[in-house]
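Asks:
Number of protein chains: 2
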Amino acid sequence: MDPHLLRTYVTVVRLGSFSEAARELGYTQSAVSQHIAALETDLALSLLTRRPVAPTPAGERLLEHAGALLLRLDAARADLDRFAAAPRATLDVAASPLALHARTLAALPATGVTLRAVPRERVPVAVATGEADAGLVDGVAAPSDPLRLPDVAPLTATGVAEEPLAVVLPTTHPLAGRTGLRLDDLVDARWLEAPTAGIPLDRLRAVHGGPAGRGFRTALRYEGGDPRTLAALAAAGHGLALLPLPLATDVPGATAVPLVAPRLVHRTELLLPAGADAEPTGPVAEFTGRLKS
Amino acid sequence: MDPHLLRTYVTVVRLGSFSEAARELGYTQSAVSQHIAALETDLALSLLTRRPVAPTPAGERLLEHAGALLLRLDAARADLDRFAAAPRATLDVAASPLALHARTLAALPATGVTLRAVPRERVPVAVATGEADAGLVDGVAAPSDPLRLPDVAPLTATGVAEEPLAVVLPTTHPLAGRTGLRLDDLVDARWLEAPTAGIPLDRLRAVHGGPAGRGFRTALRYEGGDPRTLAALAAAGHGLALLPLPLATDVPGATAVPLVAPRLVHRTELLLPAGADAEPTGPVAEFTGRLKS
DNA sequence: GCCCGTCATAAGCATTCGTGATGCGAGGTG
DNA sequence: CACCTCGCATCACGAATGCTTATGACGGGC
Numbered sequence: 063m064d065p066h067l068l069r070t071y072v073t074v075v076r077l078g079s080f081s082e083a084a085r086e087l088g089y090t091q092s093a094v095s096q097h098i099a100a101l102e103t104d105l106a107l108s109l110l111t112r113r114p115v116a117p118t119p120a121g122e123r124l125l126e127h128a129g130a131l132l133l134r135l136d137a138a139r140a141d142l143d144r145f146a147a148a149p150r151a152t153l154d155v156a157a158s159p160l161a162l163h164a165r166t167l168a169a170l171p172a173t174g175v176t177l178r179a180v181p182r183e184r185v186p187v188a189v190a191t192g193e194a195d196a197g198l199v200d201g202v203a204a205p206s207d208p209l210r211l212p213d214v215a216p217l218t219a220t221g222v223a224e225e226p227l228a229v230v231l232p233t234t235h236p237l238a239g240r241t242g243l244r245l246d247d248l249v250d251a252r253w254l255e256a257p258t259a260g261i262p263l264d265r266l267r268a269v270h271g272g273p274a275g276r277g278f279r280t281a282l283r284y285e286g287g288d289p290r291t292l293a294a295l296a297a298a299g300h301g302l303a304l305l306p307l308p309l310a311t312d313v314p315g316a317t318a319v320p321l322v323a324p325r326l327v328h329r330t331e332l333l334l335p336a337g338a339d340a341e342p343t344g345p346v347a348e349f350t351g352r353l354k355s
Numbered sequence: 063m064d065p066h067l068l069r070t071y072v073t074v075v076r077l078g079s080f081s082e083a084a085r086e087l088g089y090t091q092s093a094v095s096q097h098i099a100a101l102e103t104d105l106a107l108s109l110l111t112r113r114p115v116a117p118t119p120a121g122e123r124l125l126e127h128a129g130a131l132l133l134r135l136d137a138a139r140a141d142l143d144r145f146a147a148a149p150r151a152t153l154d155v156a157a158s159p160l161a162l163h164a165r166t167l168a169a170l171p172a173t174g175v176t177l178r179a180v181p182r183e184r185v186p187v188a189v190a191t192g193e194a195d196a197g198l199v200d201g202v203a204a205p206s207d208p209l210r211l212p213d214v215a216p217l218t219a220t221g222v223a224e225e226p227l228a229v230v231l232p233t234t235h236p237l238a239g240r241t242g243l244r245l246d247d248l249v250d251a252r253w254l255e256a257p258t259a260g261i262p263l264d265r266l267r268a269v270h271g272g273p274a275g276r277g278f279r280t281a282l283r284y285e286g287g288d289p290r291t292l293a294a295l296a297a298a299g300h301g302l303a304l305l306p307l308p309l310a311t312d313v314p315g316a317t318a319v320p321l322v323a324p325r326l327v328h329r330t331e332l333l334l335p336a337g338a339d340a341e342p343t344g345p346v347a348e349f350t351g352r353l354k355s
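Top to bottom, those sequences are chains A and S. Each residue of the first sequence is one higher than the one before, counting from 63 in our numbering. Each residue of the second sequence is one higher than the one before, counting from 63 in our numbering.
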């Protein structure tokens, strides 16, 4: 299970073709064929169906493992490269959209900052692989509880902000007058699924603990990145939205009611490569210093 | 960063010697020397000090990455080997000591079971690498919240039991008369640290959220595996112990007071290789079926 | 000061790995 | 229906990698 073989395997699957993969990797088609053959004999398994080229069930499993492995490998290399590299004068930050709010934006240095908005799950990856010097992720957690992040590499996470959660409903909604809402009251409601602009509902489904698939049905799925649009959708009656309270206010036609049970907050965390906090100076230190104080 | 090179690197560090590592790996000393040299030139870093042989700071970092990588690699191989292997007639269970209680023990099949008690953090590893067919881990979490387990490989975790937590104190202790205790009341107390027999206090320190190092000081460290001994130590006044309530009762000279705040429970989870739940029959299915019902 | 243990380096050799050429089977085309 | 074409498998060869043996360099112990 040489990483090179895994690398060609995943590209073959991704492109659905040996020859295409060979082109992309700079090999000949023959080499790719031999790589796959080597993997299959090594594992004594058939990994791919040819014609069409698609992974077998065993191949699917290998794909999961291979992805994680190659990621960790890249992360390791990036991490160790940092050791030798000269301290950077610029700051690359990867952030999930909702992790960008007054507190985090204010901490950014005045110059030399590149800010990249990426999906939530890609933030740890970006930091681990060195694409970004630091990351900002948001998510839902119990108060002062750390987020559950996939550990692709040794990263340190520190909480930088916690805000209440609010349910956004049309002003005409029967529950709009409440001062607080319990999740139990909303299990049967229709929700807006917005993985990027909003907060994924998986966590709610898990917390609620009901049988899988029950509750929190999706009315409409919004794949854009703008929370105000999401709130507007809620105002228009397309379903309920879940947002950090500060983002949910002042939306025409919508009312934001804080979620009071279960006790959950919208939490933002700063992600750094483990060991990077030792750096005493530079833009990274400036940024993290301002965030932690 | 060939896994072979990493493998020799970690053994060199572990044994503190090139020659020893060569012997263990079945290489010549020369090969080991070249492996290390290859790594160092590839990363353009000095990884080891010679004489004595010890990792440099950069080497320490590599060690972390290498460990995780090799683990995942073994896990991947084990997982895919399972695909080809014939269904097993026996059941190997790796369990942390406190995960073994009435509920889990009752679910074990009558014959063909090997039960291995391992430290908490080794359970996921054992399941991932195929040393065990299934795992039982215990830990502390908020009610109906999953445990935080290191993801060494795609594993599925399902909760099988939750019990209240109790603080064990000498009957003569001023707080022994309470019906419930808040963690805040106990920050300044002396505690028994018992990573195997008891519940590690890290989680409490994290939940309490105080400044690092403050609170929950350790009076005595017990490295044995018997919770009753731990409770007896608490009875003898060596410090407070934290145990699942059922284990903390009926200890002479000690009183168990439930922990009421923060709301935490002692949770036991079943760990299976992801995808293994598909198996319809055999001892694994019997075990998991009984646990989930 | 000599010797022994340990790591580094050099040369030789076997194995591995990638390339180019060729074979083979499936699907499309006239 | 024969033929062509496209795409993966296989083969043989040259290059490169990796391991071994042999030797050198350096420290620490007696």
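We put the CB at the ideal spot given by N, CA and C, even for glycine.
Between A215 (chain A) and chain S, is the shortest Cβ-Cβ distance under 9 Å, so that the two count as touching?
Replies: Your numbering for residue 215 (chain A) matches position 153 in the first sequence. True, the Cβ-Cβ gap to chain S drops below 9 Å.
Asks: Exposed or buried, P342 (chain A), counting other C-beta atoms within 10 Å across all chains shown (16 or more means buried)?
Replies: Residue numbering aside, residue 342 (chain A) sits at position 280 when the first sequence is read from its first letter. By the 10 Å Cβ count, P342 (chain A) comes out exposed.
Asks: State yes or no: is the C-beta of A251 (chain A) within less than 9 Å of the C-beta of R325 (chain A)?
Replies: What you label residue 251 (chain A) is simply residue 189 of the first sequence in a count that begins at 1. What you label residue 325 (chain A) is simply residue 263 of the first sequence in a count that begins at 1. No, they are not a contact pair.
Asks: Based on DSSP bridge pairs, tell me the residues matched to T70 (chain S).
Replies: By 1-based counting over the second sequence, the position of residue 70 (chain S) is 8. None; T70 (chain S) has no bridge partner.
Asks: A190 (chain S) versus chain A: which residues are under 8 Å apart at the beta carbon?
Replies: Locating residue 190 (chain S) in the second sequence gives position 128, where the first residue counts as 1. The contacting residues do not exist; A190 (chain S) stays about 10 Å from chain A at best.
Asks: Spell out whether any CB of chain S is found under 9 Å from the CB atom of L245 (chain A).
Replies: Position 183 of the first sequence, counted from the start, is the residue given in the question as residue 245 (chain A). Not closer than 9 Å to any Cβ of chain S, the Cβ of L245 (chain A) fails to qualify, so no.
Asks: Which chain S residues sit within Cβ distance under 8 Å of L124 (chain A)?
Replies: Residue numbering aside, residue 124 (chain A) sits at position 62 when the first sequence is read from its first letter. Correct list: A138 and L142.
Asks: State the DSSP-derived secondary structure class of R329 (chain A), mapped to helix, strand or coil.
Replies: Residue mapping note: residue 329 (chain A) aligns to position 267 of the first sequence, counting from 1. The answer is strand: DSSP assigns R329 (chain A) an E or B state.
Asks: Taking the alpha-carbon of E285 (chain A) as reference, which of A:F278, A:G174, A:L266 and A:I261 has the nearest alpha-carbon?
Replies: On the first sequence, residue 285 (chain A) is found 223 positions in, with the first residue counted as 1. Here the closest residue by C-alpha is A:I261.
Asks: Excluding the 5 residues flanking A294 (chain S) on each side, which residues of the same chain have their C-beta closer than 6 Å to its C-beta?
Replies: Numbered from its first residue, the second sequence carries residue 294 (chain S) at position 232. Counting only Cβ-Cβ distances below 6 Å, and skipping sequence neighbours, we find nothing.
Asks: Using DSSP with H/G/I as helix, E/B as strand and the rest coil, what is D200 (chain S)?
Replies: Translated into the one-based positions of the second sequence, residue 200 (chain S) becomes position 138. Reduced to three states, the DSSP call for D200 (chain S) is strand.
Asks: Which class does R244 (chain S) belong to by DSSP, given the choice of helix, strand or coil?
Replies: In the second sequence, the residue the question calls residue 244 (chain S) occupies position 182. R244 (chain S): strand per DSSP, three-state reduction.
Asks: Just checking, does the stretch 304 to 321 of chain A make contact with the stretch 240 to 254 of chain A on the three C-beta pairs under 8 Å criterion?
Replies: Yes: at least three Cβ pairs fall under 8 Å.
Asks: Measure from the C-beta of P114 (chain S) to each C-beta in chain A and report whether the shortest distance is under 9 Å.
Replies: Position 52 of the second sequence, counted from the start, is the residue given in the question as residue 114 (chain S). Output row for P114 (chain S): interface = no.
Asks: Quick check on DSSP: helix, strand or coil for P29 (chain S)?
Replies: Only positions 63 to 355 of chain S appear in the structure, and residue 29 (chain S) is not among them; the question remains open.
Asks: Rounded to the nearest angstrom, how far is the Cβ of V230 (chain S) from that of L302 (chain S), given a contact under 8 Å?
Replies: The sequence position of residue 230 (chain S) within the second sequence is 168, counting from 1. The sequence position of residue 302 (chain S) within the second sequence is 240, counting from 1. Contact holds; Cβ gap of about 7 Å.
Asks: Leaving out the 5 sequence neighbours to the left and right, which residues in its chain are closer than 6 Å to L133 (chain A) when beta-carbon positions are compared?
Replies: Walking along the first sequence from the start, residue 133 (chain A) turns up at place 71. For L133 (chain A), where only same-chain residues beyond five positions count, the Cβ hits under 6 Å are V214.
Asks: When you compare the CB positions of P335 (chain A) and G192 (chain A), do they come within less than 9 Å of one another, or not?
Replies: Along the first sequence, one-based indexing puts residue 335 (chain A) at 273. Along the first sequence, one-based indexing puts residue 192 (chain A) at 130. Result yes, Cβ atoms of P335 (chain A) and G192 (chain A) sit closer than 9 Å.
Asks: So with CB distances below 7 Å, who are the chain A contacts of R267 (chain S)?
Replies: One-based indexing of the second sequence puts residue 267 (chain S) at position 205. Near R267 (chain S) there are no residues of chain A at all, since even the closest Cβ is about 12 Å away, more than 7 Å.
Asks: Start and end of the alpha helix (DSSP H) containing D136 (chain A)?
Replies: Your numbering for residue 136 (chain A) matches position 74 in the first sequence. P119 to A146 is the span of the alpha helix (DSSP H), which, as asked, contains D136 (chain A).
Asks: Going along the chain, which residues of its own chain have a beta-carbon closer than 7 Å to the beta-carbon of S81 (chain S), five neighbours each way excluded?
Replies: In the second sequence, residue 81 (chain S) corresponds to position 19, counting from 1. Result list for S81 (chain S): Q91, in chain order.
Asks: Between the stretch 292 to 306 of chain S and chain A, which residues of the former have CB atoms less than 7 Å from a CB of the latter, in chain order?
Replies: Per Cβ criterion, the list is empty.
Asks: Just to confirm, is the Cβ distance from L309 (chain A) to H163 (chain A) under 9 Å?
Replies: Counted from its first residue, the first sequence places residue 309 (chain A) at position 247. Counted from its first residue, the first sequence places residue 163 (chain A) at position 101. Yes, these two residues count as a Cβ contact at 9 Å.
Asks: My guess is that A146 (chain A) and L107 (chain S) are in contact by the Cβ rule of under 8 Å, so how many angstroms apart are they, rounded?
Replies: Translated into the one-based positions of the first sequence, residue 146 (chain A) becomes position 84. Translated into the one-based positions of the second sequence, residue 107 (chain S) becomes position 45. At roughly 6 Å, the Cβ-Cβ gap stays under 8 Å, so A146 (chain A) and L107 (chain S) are in contact.
Asks: Quickly, what does DSSP pair R85 (chain A) with across the bridge? List them, please.
Replies: Walking along the first sequence from the start, residue 85 (chain A) turns up at place 23. For R85 (chain A), which the question treats as bridged, DSSP gives no partner whatsoever.
Asks: So is D195 (chain S) buried or exposed if we call it buried at 16+ other beta carbons inside 10 Å?
Replies: Translated into the one-based positions of the second sequence, residue 195 (chain S) becomes position 133. That one is buried.
Asks: Per DSSP, what kind of secondary structure is G351 (chain S) in: helix, strand or coil?
Replies: For the purposes of this step, residue 351 (chain S) is taken as residue 289 along the second sequence, with counting starting at 1. The answer is helix: DSSP assigns G351 (chain S) an H, G or I state.
Asks: When you compare only the Cα positions, how much space is there between H127 (chain S) and V74 (chain S)?
Replies: Counting from one through the second sequence, the residue named residue 127 (chain S) turns up at place 65. Counting from one through the second sequence, the residue named residue 74 (chain S) turns up at place 12. Those two C-alpha atoms are separated by around 15 Å.
Asks: Along the stretch 322 to 343 of chain A, what residues have a CB closer than 7 Å to any CB found in chain S?
Replies: Against chain S - using a Cβ distance shorter than 7 Å - the residues of the stretch 322 to 343 of chain A are G337.
Asks: By DSSP, does D154 (chain S) sit in helix, in strand, or in coil?
Replies: For the purposes of this step, residue 154 (chain S) is identified with residue 92 of the second sequence, where counting begins at 1. Strand.
Asks: Apply the 10 Å Cβ neighbour rule to R76 (chain A) and answer buried if 16 or more other Cβ atoms are within range, or exposed otherwise.
Replies: Along the first sequence, read from residue 1 onward, the residue named residue 76 (chain A) stands at position 14. Exposed, by the Cβ-count rule.
Asks: When you compare only the Cα positions, how much space is there between P186 (chain A) and A188 (chain S)?
Replies: Looking up residue 186 (chain A) in the first sequence gives position 124. Looking up residue 188 (chain S) in the second sequence gives position 126. Looking at the two C-alpha atoms, the distance is approximately 26 Å.
Asks: Residues of chain A with CB closer than 9 Å to the CB of A235 (chain S), please, in chain order.
Replies: Locating residue 235 (chain S) in the second sequence gives position 173, where the first residue counts as 1. Here residue 235 (chain S) turns out to be His, not Ala, going by the sequence shown. The premise fails here: H235 (chain S) is roughly 28 Å from chain A at the closest Cβ pair, so nothing lies under 9 Å.
Asks: May I have the straight-line CA-CA distance separating E122 (chain A) from S95 (chain A), to the nearest angstrom?
Replies: Taking the first residue of the first sequence as 1, we reach residue 122 (chain A) at position 60. Taking the first residue of the first sequence as 1, we reach residue 95 (chain A) at position 33. C-alpha separation (whole angstroms): 18 Å.
Asks: Could you check which residue in S:R244, S:R184 and S:R69 has the C-alpha nearest to that of A156 (chain S)?
Replies: Reading the second sequence from its first residue, position 94 is the one you call residue 156 (chain S). The shortest Cα separation from A156 (chain S) among S:R244, S:R184 and S:R69 belongs to S:R184.
Asks: Just how far apart, CA to CA, sit V115 (chain A) and L353 (chain S)?
Replies: Start at 1 with the first residue of the first sequence, and residue 115 (chain A) comes out as number 53. Start at 1 with the first residue of the second sequence, and residue 353 (chain S) comes out as number 291. Computed Cα separation, rounded: 40 Å.
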